[in-house]
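Read through the structure below, which is laid out as structure tokens, and then see the notes.
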Amino acid sequence: MARPLFSSTMEKASGVLILQKHPKKRVVSVALLLFAAFSYSLTYLLWSPSSLHTEIVPRNAATIVAQCQALQLTPGPPDNFHSRKQSDRFVQGTKPTIIRNATIWTGRDDGNHIIQGDILLDKGIIRKVGAVHVNLRGADTVVVDAAGAWVSPGIVDLHSHLGVYSAPALSGASDGNSIKGLTLPWMRSLDGLNTHDDAYRLSISGGVTTANVLPGSADAIGGQAVVIKLRPTAERSSSAMLLEPPFSLNGTYVDPFQRPRWRQMKHACGENPSRVYSGTRMDTQWAFRQAYNTARIIKEKQDAYCAKALTGQWAGLGAFPEDLQWEALVDVLRGRVKVQNHCYEGVDIDGMVRLTNEFKFSIAAFHHAHEAYMVPDLIKKAYGPPPAVAIFATNARYKREAYRGSEFAPRILADNGLDVVMKSDHPVLNSRHLIYEAQQAHYFGLPANLALASVTSTPARIMGQDHRIGRIIEGYDADIVVWDSHPLALGAAPKQVFIDGIAQIEEPFVSEKPKSAQRVPATPNWDQEIADAIRYEGLPPLEPVDVGSDVVVFRNVGSIFLKDPATKGTINEVFASASADGVVVVENGRIVCHGTHSACPAARARSDALHLDLEGGSMFPGLVSFGSPLGLSNIGGEASTNDGLVFDPLSMKVPEIIDGTVIKAADGLLFASRDALLAYRNGVTTAVTAPSSYGFLSGLSAVFSTVAAHKLVDGAVIQEITALHVTLSLSSGISVSTQIATLRSLLLGGGKDDVARRFSDVAAGKIPLVVHVASADIIASLLVLKKEVEAAKGNSIRLTLAVATEAHLLAKEIGAAGVGVIIAARPFPATWEEKRILPGPPLTQDSAIAALIAHNVTVGVLTDEPSAVRNLRFDIAWAGLESNGALGKADVLALASSNLETLLGVEESNTDVVVTRGGSDFEGKVFAIISPRSASVNLV
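Mapping to full-length UniProt numbering: the sequence shown position 735 is 735, numbers consecutive.
Put into structure tokens, the structure is as follows:
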């Protein structure tokens, strides 16, 4: 018969229990109970009174068993999480808020659920969605009338380096990577999370409420990531920003015997770890396998240990086998960690898929993954659920791995049933504008429901937080964005952002948007381009096709903007019709007639004319780009594909053979790059580029055609010399006072040979001097220097400031001095000398562009990356949208055409005309380029 275990046969001695057990018969079943009085473990045994011997059970047996049982628990929220009445992040004193009369994108029904109604936020959670009828408690309840505005969940960034690559970038606040070894699963981004990053506030103003902060990609296993809320906390600590700490710290307690919270870990393959450690892909993959084998051995030891503990085999069991360095990777093998895998190319994706199947772990998402759209079936072969793919929209070709990146990847991946996430890789892209990545993905074919989900509900699910963020559902965190237009409309900006039910923008400024911005933009038809992207493995032909007719009649034209040659390229709207009944007749590449449908009857009647329907599209002057090394670069990260850097006379010894020579960009132009051809296909038909330099003297810029096949083609180099370029910066390593003194000396006649001649041309006003400068302090010194030189020389200097991030601080003075400014459309405080940005709505009433123009400054828009030039027409349209009506369409077009030509000394104005079909901005598609220079019409 069974006998009570606690009897005269049990003794308490030296922290163990002495139990009697039959020596031959095996234990058939074991259960563990907690003996409250002594915290001992009791085991039910089949007992026989004969042949007894003693067995030692550890005092902490209950803890051991609980620990072993917990290893089998699936990560997730506590069982009672969805019955919560208050958020664990609730801040006492936060008033309830009702958002009335909203158009609510809830995130339900695969992103297709939209309702009109109200949202009640209270105690840090969403208490009610729909028709909210509550007894308002006077001043204790904040009422926000959305007036029909779109409301979405807070934006979720699956891939960010906020706080570990901080803005402004300073050596003491760069904690993205450790380079102590290829595999470092024990590192944690939390330990380097800077609470003083200027980007938190900016990103919140773009609607970002949650970010997965990853270590960098220098290592194969860079360490553990953390999911944070961006709002500042009263505690002011990094730990207080964590959404759901996976371990106990600073007052938070995680019960190790209950269901664990999801953890995040960064992996990277391909070029980055190979370059940092001077290895190869083979080295990286072996490092992965070594690390996972180490973790596998520990896991197997733990499993064997627990198998004994759970069956009461205590003899010789010893301590639980664990290693603090490797415990996180062991958790990966247990399916308790979301692996976020930086991985670009098919070869690397294939290697990681093999690794997952060898060691039986899953990957949450492949990040960057520029070739993922070419291998969707391969991705589905990964162990466990198919990984999501977290990508950029159009940022590509900056290194070899990114060379085959396609803007159609989101659509292709979605068509193949894979989850698509748009991410920032902040500060690679400013996460303030993460919604722009979703907007572009939608423009290039990703359905609207999936596009908005790609920055809300999908990343929330991929990081294991979709029980509380990413959707507007009762009981979820009160993270809400009220938009000034449809979130997928170009230039959409928050009117207010709530995190944990707390309004984050103290005095939001809202720029008035057109009514058309309140609906989902129509998406052009990209079926052929998508098919070509797949067929040509990311490298489809980009060269345009001549229409093959001397006379082309464009019909159903909505608007026409043209340069007036009599006023040095001033842009005028020469036709507009709400009914899109315009007609434009082109003969040998020149517009000979335009107007309503009844205009130009003789030309329209010509039998040899080719008739093309623009479906309400528009025409505008060909755009001009400046600021990037377009024309001098094919793949940014591959030196062998680029023109290279010029010698800097202030920081290095210049070879005697070229000492005194000013370098000309025209000598190093590289034609027919993919970025140049993509720029042409998107309406940027000419570009101005200066020699690439990180030093004081860059050289002489040139104007070239973005479509020319090589330099000897007629019109390839449009102007060999336009302006002289220098750079003044706090970051140069040479004092600013030395840089200013050098510039003064050169402008007043110093220097030798070619250097002296070129600066003499500047001092005489023959060519512009373009100074690449960010700091308002240096700009002020330049304005003083300009006066000094002009007084000495007796004539005006044509001075243009490029970059000019802080120029708005001196807008009045710059305007009075007759100095022009070329500025990024969307500023970011990347460095200390760019810290004082004017961010624009909703943080400030004016944007930097609008503020400068208000003081009569001629402004052009700068683009700093070759792959971003293709989006120039979106950049300038966006600048117009946030100007609150200060910039009309003609003014907007001038930012990237006639204004740039004036500021950069371009003598022959770009006469190309861009033709869009189906509308403009985010609904139109560049359809053709009319070129008087080549007497042709090209279809793109």
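Virtual Cβ for every residue (Gly too), placed ideally from N, Cα, C.
Problem set entry | From Thr141, His368 and Gly216, residue whose alpha carbon lies closest to that of histidine 161 | Measuring from the Cα of histidine 161, the nearest candidate turns out to be Gly216.
For this session: Work out the CA separation of serine 274 and methionine 282 for me, nearest whole Å.
Result: Computed Cα separation, rounded: 9 angstroms.
Exercise. Of the choices Lys793, Ser83, Val129 and His433, whose alpha-carbon is the least far from that of isoleucine 104?
Worked result: The option with the nearest alpha carbon to isoleucine 104 is Val129.
For this session: Evaluate contact between the segment 203-218 and the segment 255-268, counting only Cβ atoms and requiring at least three cross-stretch pairs below 8 angstroms.
Result: Enough Cβ pairs lie closer than 8 angstroms, so yes.
Problem set entry | Length of the line joining the Cα atoms of leucine 542 and valine 552 | So the alpha carbons of these two residues sit roughly 22 angstroms apart.
For this session: For the alpha helix (DSSP H) holding lysine 308, just list the boundary residues, first then last.
Result: Taken as a continuous stretch (DSSP letters only), the alpha helix (DSSP H) holding lysine 308 covers 281-309.
For this session: Inspect the beta-carbon positions of valine 583 and valine 592 and report whether they are closer than 8 angstroms.
Result: No Cβ-Cβ contact shorter than 8 angstroms links valine 583 with valine 592.
Problem set entry | In chain order, each beta strand (DSSP E) run of at least 3 residues that lies wholly inside the segment 831-907 | For the segment 831-907, whole beta strand (DSSP E) runs of length 3 or above, ordered along the chain, are 859-862.
Exercise. Can you round the beta-carbon distance between lysine 123 and serine 87 to whole angstroms, since I take them to be within the 8 angstroms contact cut?
Worked result: Taking 8 angstroms as the upper bound for CB-CB distance, lysine 123 and serine 87 are in contact here, some 6 angstroms apart.
Exercise. Cα-Cα, which of Val937, Ser931, Glu923 and Gly860 is closest to glutamine 439?
Worked result: When each option's Cα is compared against that of glutamine 439, the closest is Glu923.
Problem set entry | DSSP state of leucine 19 mapped onto helix, strand, coil | Confidence at leucine 19 is low in this model, with a pLDDT of 38, below 50, so its placement is unreliable and the value that follows should be read with caution. In the displayed model, leucine 19 falls within a strand according to three-state DSSP.
For this session: Take glutamate 901 and list the residues in its own chain whose beta-carbon comes closer than 8 angstroms to its own, dropping the five residues that flank it on each side.
Result: Spatial neighbours of glutamate 901 in its own chain (CB-CB distance under 8 angstroms, excluding positions within 5 residues in sequence) are listed in chain order as Gly569, Val624, Ser909 and Asn910.
For this session: Please report the residue range of the alpha helix (DSSP H) in which isoleucine 530 lies.
Result: Taken as a continuous stretch (DSSP letters only), the alpha helix (DSSP H) holding isoleucine 530 covers 527-535.
Exercise. Counting Cβ pairs, one atom from each stretch, are 3 or more of them under 8 angstroms apart for the segment 722-742 and the segment 756-776?
Worked result: A contact exists between the segment 722-742 and the segment 756-776.
Exercise. In whole angstroms, what separates the C-alpha of serine 39 from that of aspartate 191?
Worked result: Its pLDDT being 36, under 50, serine 39 is placed unreliably in this model, and the value from its coordinates should be taken loosely. Roughly 36 angstroms between the two C-alpha positions.
Exercise. Under 8 angstroms between the Cβ atoms of valine 762 and glycine 660?
Worked result: No, the pair does not count as a contact, with Cβ atoms beyond the cut-off.
For this session: To the nearest angstrom, report how far apart asparagine 293 and glutamine 340 are at their CA atoms.
Result: Taking the straight line from one Cα to the other gives about 19 angstroms.
Exercise. Going by DSSP, which residues form a beta bridge with asparagine 938?
Worked result: DSSP, once it has assigned bridges, lists Asp546 and Ile929 as partnering asparagine 938.
Exercise. From this set, Pro629, Phe498, Lys381 and Val821, which residue's C-alpha is nearest glycine 644's C-alpha?
Worked result: Of the listed residues, the one whose Cα sits closest to glycine 644 is Pro629.
Problem set entry | Extent of the continuous alpha helix (DSSP H) to which leucine 182 belongs | Leucine 182 -> no alpha helix (DSSP H), and no H or E assigned at all.
For this session: Using only alpha-carbon positions, find the residue among Asp377, Asp648, Ala792 and Ala328 that is nearest to isoleucine 349.
Result: Per the C-alpha coordinates, the member of Asp377, Asp648, Ala792 and Ala328 positioned closest to isoleucine 349 is Asp377.
Exercise. Is it true that the segment 382-397 meets the segment 172-184, where meeting means three or more beta-carbon pairs spaced less than 8 angstroms apart?
Worked result: Counting Cβ pairs under 8 angstroms, fewer than three are found: no touch.
Problem set entry | Member of Thr97, His486 and Ala441 whose CA lies at the smallest distance from the CA of arginine 519 | Residue His486 holds the alpha-carbon nearest to the alpha-carbon of arginine 519 among Thr97, His486 and Ala441.
For this session: Note down, in chain order, each residue of its chain lying with its Cβ closer than 6 angstroms to the Cβ of aspartate 425, except the 5 sequence neighbours on either side.
Result: Same-chain partners within the cutoff: His159.
Exercise. Would a C-beta distance cut-off of 8 angstroms place glycine 765 and isoleucine 822 closer than the cut-off?
Worked result: In this structure, isoleucine 822 does not lie closer than 8 angstroms to glycine 765 by Cβ.
Exercise. Going by beta carbon distance, what residues of the same chain come within less than 7 angstroms of glycine 148, once the five residues before and after it are set aside?
Worked result: If the five residues before and after glycine 148 are omitted, its C-beta is found closer than 7 angstroms to the C-beta atoms of Asn101 and Thr103, all from its own chain and listed in chain order.
For this session: Determine the direct distance from the alpha carbon of isoleucine 767 to that of isoleucine 723, and round the result to whole angstroms.
Result: It is worth fixing the name first, because residue 723 is alanine in this sequence and not isoleucine. The alpha-carbon atoms of alanine 723 and isoleucine 767 are separated by roughly 5 angstroms.
Problem set entry | Span separating the alpha-carbon of glutamate 506 from that of isoleucine 849 | When the Cα atoms are used, glutamate 506 and isoleucine 849 turn out to be separated by approximately 23 angstroms.
For this session: Could you work out which residue in Pro168, Ala492 and Arg259 is closest to phenylalanine 874 when comparing CA atoms only?
Result: It is Ala492 whose Cα lies nearest to the Cα of phenylalanine 874.
Exercise. DSSP beta-bridge partners for alanine 225?
Worked result: Answer is Gln264.
For this session: Go ahead and pull the three-state DSSP assignment for alanine 240.
Result: Three-state DSSP puts alanine 240 in a helix.
Problem set entry | Delimiting residues of the alpha helix (DSSP H) encompassing aspartate 777 | Start and end: 776-793.
Problem set entry | Closest by C-alpha distance to proline 77, when choosing among Ser166, Gly206, Arg259 and Val142 | When only C-alpha atoms are compared, the closest one is Arg259.
For this session: Please determine if the segment 690-697 and the segment 788-800 are in contact, where contact requires at least 3 C-beta pairs separated by less than 8 angstroms.
Result: No, the segment 690-697 is not in contact with the segment 788-800.
Exercise. Just to confirm, are arginine 231 and glutamine 496 a CB contact at a threshold of 8 angstroms?
Worked result: Their beta carbons are not under 8 angstroms apart, which means arginine 231 does not touch glutamine 496 by this criterion.
Problem set entry | Collapsed DSSP secondary structure at residue 968 in the structure displayed | Missing from the structure shown is residue 968; the chain here goes from 1 to 940 and no further.
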